[in-house]
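In our numbering, the protein residues as written are 47 to 94.
Every residue, glycine too, gets a C-beta built ideally from N, C-alpha and C.
For reference, the structure discussed in these notes is given below.
In structure tokens:
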């Protein structure tokens, strides 16, 4: 399964991506979460 989250600024992309990654990971899926934004915050949202 491949999922991409895109949209305009302030639309909740980081939050949505973090929730998806965490939920799928907890269900046993192997997850790679990439943050290609110039101001990356996904790692902070996931606590890494």
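Using CA coordinates, which residue listed in the options is at the minimum distance from residue i?
i, options, result
"residue 87", "72, 62 and 47", "62"
"residue 90", "52, 65, 47 and 57", "65"
"residue 83", "54, 72 and 69", "54"
Helix, strand or coil: which one does DSSP assign to residue i?
i, result
"residue 84", "coil"
"residue 52", "coil"
"residue 89", "helix"
Specify, as a first and last residue, the run of the alpha helix (DSSP H) that residue i falls within.
i, result
"residue 79", "Careful: residue 79 lies outside any alpha helix (DSSP H) and carries neither H nor E."
"residue 65", "59-72"
Relative to the ligand NAP, is the shortest distance from any of its heavy atoms to the C-beta of residue i smaller than 8 angstroms?
i, result
"residue 68", "This structure does not include the ligand NAP; it has no bound ligands of any sort."
Does the beta-carbon distance from residue i to residue j come in below 9 angstroms?
i, j, result
"residue 92", "residue 79", "yes"
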